[in-house]
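The next block holds one structure in the form of structure tokens; read it before the comments.
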Amino acid sequence: MSHIKDAELSSMELLAPAGSYEAFKAAVENEADAVYLGGRSFNARASAANFGLDELRQVVQYAHERETKVYVTVNILIADQEFPELYDYIYSLYEIGVDALILQDIGVGSMIRSVLPEIERHASTQMTINTTWGVRHVERLGFQRVVLAREVSAEQMKTISAKTALEIEVFVHGALCICYSGQCLMSSYIGGRSGNRGRCAQPCRLTYQLMNEERKDLLAEANLGNHLLSPRDLNFVEEIHTLKECGVYSLKVEGRMKRPEYVATVTRIYRRALDHVLSQEIGVNAGSAVTGEEKTELLQIFNRDFSQAYFNNHPGAELMSYARPNNRGIRLGRIVQNRGNQLEIKLEAYLRPGDGIEVWTSRGREGITVQKVWQGKRESEEGKPGDIVQIEFAGKSHPGDRVFKTHDEQLMEKARQSFQEGKERRKRPLKMRLSGSIGELMVLEAWDQDKHIRVDSATPAQQAMKRPLTQEYAFQQLNRLGTTPFWLEELDLEVEEGLMLPVSELNEMRRLVVEGLLHKPLQQEKVTRGEYKQRLREWQNRLKLEQEEQAQQHKEPLPGSHSKAASLAARRLTVAVSDLEGVKAALKAGARRIALGGERWRSRKGMSWEDIRTGVRLCKEQGANCLLRLPRILNEEQSAWWYEALLKVKAWEDRPGIMVANLGELEMVKAIDPDWPFEVDYPANIFNEAAVAHLFRLGAQGVTLSTELEHSQIGPLAHWPKTEVFAFGDLEMMVSEYCPVGATLGDKKGTKCTAPCVKEPHYLRDRLNYDFPIETDLDCRMHLYNVKRLNLYKELGSIAKMGVQRIRLQLDRANPVQIRDTVRVFLEGWERALAGERISEEQAEKANGYLAERFPEGFTKGHYFRGVL
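Okay, here's the thing in structure tokens:
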């Protein structure tokens with residue numbers, strides 16, 4: 000029987016994942032309210048089996064017949080050359096009848112709003128929405144739901160939900176990313192597999208060492224484990240009531256890459272826990288809350304230890320699974336002794352043949368599938384907690400070694416039974432009434448909640464010669480509902496005594512009733528494909544017109560001489576610095592466009608408000624354009640602080656322009672002053688013309704393109720004026736609320752930390768002995784950087800030929816000498832490029848050699864040629 004369906008219990012949704020058809024069935028049959036899944040294209044789990052269009056039609060029909068919604072993920076950044084395919088795909092999803100699209104790309108969201116507003120849109124967690132301001136922006140864009148960043152706390156959720164009409168969705172169970180989703184470029188920069196394109200290789204789950212400036216392993220004696228970026232899994236099964244109080248509507252289970260048995264088990268347990276909370280709200284007794292057995296099943300099916308992330312406070316090291324990046328299972332017991340090829344184990348949990356175990360020894364872990372279990376000389380079907388049992392084991396181990404059960408065959412079989420083909424259990428109750436008299440047509444009526452269907456028999460009822468129609472026989476025949484989503488709860492039989500109707504007639508009447516109940520009339524007339532294509536043409540024409548208007552508005556004449564080229568180069572080269580000395584060095588080297596501020600590093604002085612005012616004044620004196628860069632991430636409280644600070648900056652006589660890093664900051668600046676000039680920085684993931692147009696439409700004075708674009712993708716975007724390309728500097732791979740330095744060396748928990756990050760530089764060393772620099776900002780976030788800096792000096796000619804108006808030197812971690820010399824080199828090269836001169840191999844080698852002396856860690860061309868998968 001289905002879970003409670005009282006209207007008062009619809010205030011929260013259980014949303015389950017599906018990466019395959021079996022996982023989809025597992026979610027539906029275990030009472031998920033909605034399922035999210037990906038098609039074969041444009042989704043952030045490209046490695047899952049996913050669903051073709053024909054399969055999507057099948058699953059949508061199956062789900063809707065069982066009153067379950069289907070949300071399709073289109074949650075990656077999408078390049079311009081992919082839009083023709085995307086156009087067809089979006090309409091096909093609409094035509095199939097999916098209930099919503101989950102989107103990351105702000106350009107795609109803007110496009111769909113223009114051409115197909117009839118389809119519901121949800122803002123993916125990949126959009127990095129973590130504040131009221133960010134939610135307000137996507138609400139203004141017509142989204143119906145927002146998936147908050149996993150870093151949002153309970154109090155922040157409460158504040159955000161109170162200020163929006165959007166549905167709030169949060170992840171409640173499963174894998175936790177260590178970086179803010181949508182901001183992680185580690186897999187992208189290291190191996191070309193982008194998380195923003197659905198191809199993350201999960202380098203965070205690999206081993207690392209925490210090194211100091213002398214390259215000493217600072218945790219060599221700590222015995223923590225080496226998985227320094229691998230967090231525990233989320234588990235909110237006992238926090239559902241609190242989530243409800245925080246205004247959360249949808250409880251999202253992670254796991255599109257997980258097995259269907261995992262989906263079945265987690266969905267089943269959360270379903271019961273949610274029903275318990277909701278029933279308590281209306282005074283219905285739904286039994287106990289989550290049981291000890293269910294807690295054990297959640298551990299057994301998959302865990303890396305459990306955490307509630309930042310929901311209640313900053314957990315520090317308790318967020319992490321340092322010892323291992325994969326399933327721990329549950330503790331089975333300890334080895335009593337090892338007799339050759341046989342282990343003797345004292346059990347703390349059940350053990351049965353078919354279970355998978357791991358023996359943890361000093362040399363590592365060894366896993367086997369248990370074939371037989373003995374107690375003494377007697378073979379046993381199971382060993383119970385407290386028993387001493389023997390199993391076959393050919394590896395090495397010692398008394399006292401721990402044993403974990405990583406696979407429970409009985410639990411897996413229980414899960415498989417729940418979604419077995421042909422034995423579907425997700426059904427809703429029907430009430431029927433069969434009435435009639437001899438010589439007249441019989442009438443079968445059926446009620447499914449608010450829907451009522453009536454059908455007549457094809458032939459009149461007859462006088463029974465032997466077996467008249469009885470209540471028992473009619474119920475038996477009408478309840479043969481097979482794989483339909485119904486079961487017969489009640490039958491009212493109102494027939495003349497002695498009446499008979501052929502079984503074929505009863506069966507046909509039952510079939511017609513079911514068919515009528517499943518047929519859903521269109522709530523509104525569908526947009527035809529022709530209408531959709533016409534809307535697309537109009538949108539594309541508007542986009543082209545907007546681009547032309549922007550180009551005309553910001554048109555600059557080509558330099559006719561070296562002196563003009565030099566002046567133009569200085570105005571078209573942005574130097575990002577983080578302290579006053581950096582501002583001075585950049586101006587002295589000839590820079591005339593400075594982006595100051597950004598993150599305030601604990602390892603260096605940073606900029607006070609007095610320094611910022613001085614920097615703005617110095618820029619004005621030198622005739623330089625000045626921008627105040629906002630930090631990459633601001634949470635709810637930090638946004639409130641910056642809001643008040645920017646109100647003061649607004650009153651400055653020579654206030655700078657603003658460079659925002661995300662949608663929330665953009666919305667905040669617009670609220671303070673709609674006419675305040677602002678630009679949008681590269682962390683906003685600007686990947687296509689639709690995104691550029693959206694931001695210019697809002698009044699942006701410039702945009703810095705995503706660093707994941709390759710040169711052929713940059714070209715079309717260069718037709719838009721004031722686009723900026725990252726040409727030199729640090730490549731930030733991730734930003735995280737978790738700080739490995741503070742968590743392991745500073746006893747960080749909550750707001751307490753001994754701040755070891757200020758004493759010396761720190762690095763994460765990977766298995767190939769590459770050392771990735773760590774910076775910690777004043778808000779205690781960890782920023783992890785690529786080993787090598789981006790250097791596109793040699794490509795300045797091709798960048799200029801594309802029509803790119805601005806290039807960026809990201810020097811916020813550089814010292815004044817590095818800043819001065821880098822600016823000089825790039826000003827000279829950019830001047831040549833804008834004048835149409837070719838930079839020779841000799842010139843490029845000389846410049847790169849000069850830069851290499853200042854930055855000995857080396858250089859990379861990033862994604863300029865290779866792009867991302």
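Sequential numbering of the sequence shown, starting at 0, is according to numbering that gives the first Met the number 0.
Ideal placement from N, C-alpha and C gives every residue a C-beta, glycine not left out.
Excluding five sequence neighbours on each side, which residues of the same chain lie with their C-beta closer than 6 Å to the C-beta of histidine 136?
Leu662 and Glu666
What residue range is occupied by the uninterrupted alpha helix (DSSP H) comprising serine 876?
Past the edges of the chain, shown from 0 to 868, lies residue 876, and the structure says nothing about it.
Once you ignore the five residues that flank proline 760 on each side, which residues in its own chain have a CB closer than 6 Å to its CB?
Glu212
To the nearest angstrom, how far is the alpha carbon of isoleucine 3 from that of arginine 44?
With a pLDDT of 42 at isoleucine 3, under the threshold of 50, the modelled position of this residue cannot be trusted, and the question is left open.
Answer with buried or exposed for methionine 781, where buried requires no fewer than 16 other C-beta atoms within 10 angstroms of its C-beta.
When all chains shown are included, methionine 781 counts as buried.
Residues bridged to glutamate 774 [DSSP beta-bridge criterion]
His782
When the Cα atoms are used, what is the spatial distance from lysine 345 to valine 151?
42 Å
Contact check, tyrosine 792 vs alanine 846, beta carbons under 9 Å
yes
Cβ-based neighbour list, glutamate 598, same chain, cut-off 6 Å, excluding 5 preceding and 5 following
The residues are Pro630 and Asp776.
What does a CB cutoff of less than 7 Å around glycine 898 pick up in its chain, not counting 5 residues either side in sequence?
Residue numbering for the chain in the displayed model covers 0 to 868; residue 898 lies beyond these limits and cannot be assessed.
Identify whether tryptophan 640 lies in helix, strand or coil by the three-state DSSP scheme.
helix
Leaving aside the five residues before and after alanine 6 along the sequence, list all residues of the same chain whose C-beta is less than 7 Å from its C-beta, in chain order.
Residue placement at alanine 6 is poorly supported in this model, since its pLDDT is 40, which falls under 50; the coordinates still yield a value, given next. None.
Report, in whole angstroms, the separation of the C-beta atoms of arginine 192 and cysteine 199, which I expect to be a contact under 8 Å.
Sure, about 6 Å apart at Cβ, within 8 Å.
Where in the region 641-681 do unbroken runs of the alpha helix (DSSP H), each at least 4 residues long, occur, reported from the N-terminal end onward?
Unbroken alpha helix (DSSP H) runs of no fewer than 4 residues, entirely contained in the region 641-681, are found at 662-671, following chain order.
Report the three-state DSSP secondary structure of aspartate 216 (helix, strand or coil).
strand
Please report the straight-line C-alpha distance between leucine 8 and histidine 63, rounded to a whole angstrom.
Low per-residue confidence applies at leucine 8: pLDDT is 44, beneath 50, and the placement is therefore not dependable, though the value from the model is reported in the following sentence. Each residue's Cα considered, the two are about 19 Å apart.
Pull the bridge partners of proline 428 from the DSSP assignment, please.
Checking the DSSP bridge columns, you'll see proline 428 partnered with Trp486.
Thinking just about the alpha-carbon of each residue, which of Arg807, Phe235 and Glu343 is nearest to the one in alanine 585?
Arg807
When the Cα atoms are used, what is the spatial distance from aspartate 354 to serine 278?
36 Å
Host alpha helix (DSSP H) of isoleucine 685 (start-end)
Under the DSSP assignment, isoleucine 685 falls outside any alpha helix (DSSP H); it carries neither an H nor an E label.
Taking the continuous beta strand (DSSP E) assigned at leucine 13, which residues delimit it?
Note, leucine 13: beta strand (DSSP E), 12-17.
I'd like the ranges of any beta strand (DSSP E) spanning at least 3 consecutive residues and lying wholly in the region 398-462.
401-406, 427-435, 440-447 and 450-459
9 Å Cβ cutoff met for valine 265 and isoleucine 239
Not closer than 9 Å, so no.
Going by Cα to Cα distance, which pick from Gly497, Lys383, Thr483 and Glu496 is closest to arginine 509?
Closest by alpha carbon: Thr483.
Go ahead and pull the three-state DSSP assignment for lysine 532.
Three-state result, lysine 532: helix.
Valine 803 to leucine 626, Cα distance in whole Å?
20 Å
From alanine 588 to leucine 730, what does the alpha carbon distance come to, in whole angstroms?
Leucine 730 has its alpha-carbon roughly 23 Å from the corresponding atom of alanine 588.
Which whole-angstrom value is the C-beta distance of alanine 78 and valine 262, which I expect to be below 8 Å?
In this structure alanine 78 does not touch valine 262 by the C-beta definition: roughly 32 Å separates them, more than the 8 Å allowed.
Close beta carbons around methionine 0, own chain, < 6 Å, minus the five adjacent residues each side
Any answer about methionine 0 is weak, because its pLDDT of 36 lies below 50 and its placement is not dependable; what the coordinates show is given next. Taken in chain order, the list of residues that qualify is empty.
Applying the 10 Å Cβ sphere with the 16-neighbour rule, what's the burial state of alanine 219?
exposed
Just reading off the alpha helix (DSSP H) that alanine 846 is part of, what are its end residues?
840-853
Look at the alpha carbon of tyrosine 188 and the alpha carbon of serine 10, and state the distance between them as a whole number of angstroms.
42 Å
Relative to the C-alpha of aspartate 455, which candidate in Met464, Asp449 and Arg432 has its C-alpha closest?
Arg432
Can you give me the C-alpha to C-alpha distance between alanine 460 and proline 501, rounded to a whole angstrom?
8 Å
Give me, in chain order, the residues of the same chain whose beta-carbon lies closer than 6 Å to that of glutamate 288; leave out the 5 immediate sequence neighbours on both sides.
Contrary to the premise, residue 288 reads as alanine rather than glutamate in this sequence. Excluding residues within five positions, the ones whose Cβ falls inside 6 Å are His275.
Looking only at its chain, what residues have a beta carbon closer than 7 Å to the beta carbon of lysine 525, apart from the 5 residues adjacent to it on each side?
none
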